[in-house]
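In what follows, a structure is listed as structure tokens, so that the remarks can point back to it.
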DNA sequence: CGGTTGTTTCGGTAAACACCGAACGCTTTG
DNA sequence: CAAAGCGTTCGGTGTTTACCGAAACAACCG
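Protein chains in written order, with the UniProt record's numbering: chain P, 1 to 185; chain F, 1 to 185.
See the structure below:
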């Protein structure tokens, strides 16, 4: 059957996206399927994905579940078709924020929790080397701050985000007029 | 020999950091070594790392090279010792920026380049579905913008970064007074 | 210049992971 | 209430990746 992937550039995109995924700890099938759905002009049933990418049906199923876990793909119903169909989020900001949210939830938050425990325990532990106590404490504080920042930024309306991004380094002018002008660090 | 890792909390930190790494596509040895160096109060020679973590000497060697590739670990000389010693960057902002810089260089920049090519070619390709052309174009623009933003932010002096981070969502007030107040999206 | 100490390279092995396909269960349909 | 369609689960398999240990290489010292 004819699919999007017949086009060489589409294929290049999907393959690259797949490799990209692997480098960030996402498995190839998952990211390939995401790429395919992102380019599709209509919801696709699992079968078609299977055929287009040459993957096993079961693999596609679990990959789709994973993508839904990130909330960047969702199930939709199509008139007169019993099968589930899937569409990808096409707003790229939304996509990025959701991926970030989920990775934070899965990996960062537990890390913060652990660091919190360790830092707390070390605070009263006289036997531990001073530098260890300080550095684990700093790490905890640092990651917590980043996490807090993300939670705030994530709640800004999208147009604001776009505007901030376009501002780039110039935002610095607002925080401390003198510092905002440097181009070097 | 007695090492930092005798302390259970230090061990917990190192192990967790190692697992963390694997989830982000960094191999376990590399991130464990990084964690160990981060907590160490003095430069460590490869031997000590080998012994402390129970890794093969060769593995430690390649991992150290990798860490130096990220510029978050550097070689130092210690008086009266022929061996190379290694220390980790302890400024966490610096660490984060360097990791980001390197990953951008390795993964994002090539992606932008590829997307640029594809987008350019598709612009003149009448046979390609309209949505594909648009979406690959959008993706290219989006990632390029993010990349540009990073390059600017990266050059801000560190205190400014800290200040901006502390501001959190409040930065939004400067870009468009009405939008900055929302807590929901 | 040997011998010593330290580092890197490389081929093989073991562990992790992705992926497949068969079997199972649920839902719809004739 | 069979039978077919669809989705998921699960055990096994192949591929990738990390890791080890031996050998090669380089620097230094007597």
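Yeah, the Cβ is synthetic: ideal placement off N, Cα and C, and Gly gets one too.
- Per DSSP, the continuous alpha helix (DSSP H) segment holding residue 140 of chain P begins and ends at 130-153.
- Residue 1 of chain F has its alpha-carbon roughly 53 angstroms from the corresponding atom of residue 161 of chain P.
- Any Cβ of chain F closer than 8 angstroms to the Cβ of residue 36 of chain P would place that residue at the interface, and such an atom is absent.
- Within the DSSP secondary-structure output, residue 44 of chain F pairs in a beta bridge with F:86.
- Assignment of residue 124 of chain P by DSSP, reduced to helix, strand and coil, places it in the coil class.
- At a Cβ-Cβ threshold of 8 angstroms, residue 29 of chain F and residue 59 of chain F count as neighbours.
- Three or more Cβ pairs closer than 8 angstroms define a contact, and the segment 128-144 of chain P meets that threshold against the segment 106-119 of chain P.
- DSSP, read as helix, strand or coil, puts residue 91 of chain F in coil.
- Under the three-state reduction of DSSP output, residue 78 of chain P falls in the strand class.
- If you draw a straight line from the Cα of residue 18 of chain P to the Cα of residue 145 of chain F, it is about 22 angstroms long.
- Listed along chain P, no residue sits closer than 9 angstroms to residue 1 of chain F by beta-carbon distance, the nearest being about 16 angstroms off.
- In this structure, residue 124 of chain P sits away from residue 72 of chain P, with a CB-CB distance that is not shorter than 8 angstroms.
- The beta-carbon distance between residue 24 of chain F and residue 21 of chain P, rounded to whole angstroms, is 12 angstroms. This is too long to meet the 8 angstroms contact definition.
- DSSP places residue 10 of chain P within a helical segment (H, G or I) once states are collapsed to three.
- Between residue 39 of chain F and residue 4 of chain F, the C-beta spacing is below 8 angstroms.
- From the beta-carbon of residue 81 of chain P, no residue of chain F is found nearer than 8 angstroms; the closest lies around 21 angstroms away.
- Assigned with DSSP and collapsed to three states, residue 73 of chain F falls in strand.
- For a Cβ distance threshold of 8 angstroms, nothing in chain F lies close to residue 32 of chain P: the least Cβ distance comes to about 15 angstroms.
- Assigned with DSSP and collapsed to three states, residue 157 of chain P falls in coil, not helix or strand.
- According to the DSSP assignment, residue 171 of chain P belongs to no alpha helix (DSSP H), since it is labelled neither H nor E.
- Residue 9 of chain P is positioned such that its CB atom lies closer than 8 angstroms to that of residue 128 of chain F.
- Secondary structure note for residue 35 of chain P: its alpha helix (DSSP H) is the uninterrupted segment 28-39.
- Residues of the same chain with a CB within less than 6 angstroms of the CB of residue 133 of chain P, apart from the 5 flanking positions on each side, are 122 in chain order.
- Per the coordinates, the alpha-carbon of residue 115 of chain F lies some 32 angstroms from the alpha-carbon of residue 92 of chain F.
- When rounded, the separation of the alpha-carbon atoms in residue 168 of chain P and residue 151 of chain F is 9 angstroms.
- Between residue 37 of chain F and residue 14 of chain F, the gap from beta carbon to beta carbon reaches 8 angstroms or more.
- Between residue 11 of chain P and residue 53 of chain P, the alpha-carbon positions lie close to 10 angstroms from each other.
- Looking at P:126, P:44, P:100, P:113, the one whose alpha-carbon comes closest to that of residue 155 of chain P is P:100.
- Against chain F, the CB of residue 140 of chain P has no partner CB under 8 angstroms away; the residue lies outside that interface.
- Below the 7 angstroms Cβ cutoff, chain P contributes no neighbours of residue 45 of chain F, its closest Cβ being approximately 18 angstroms away.
- For chain F, the residues of the segment 10-29 of chain P that bring a beta carbon within less than 7 angstroms of one of its beta carbons are 10, 12, 13, 16, 20, 23, 24, 25, in chain order.
- The three-state reading of DSSP puts residue 17 of chain P in helix, counting H, G and I together.
- Annotation: residue 74 of chain P has no Cβ neighbours in chain F at a cutoff of 9 angstroms; minimum Cβ distance is about 17 angstroms.
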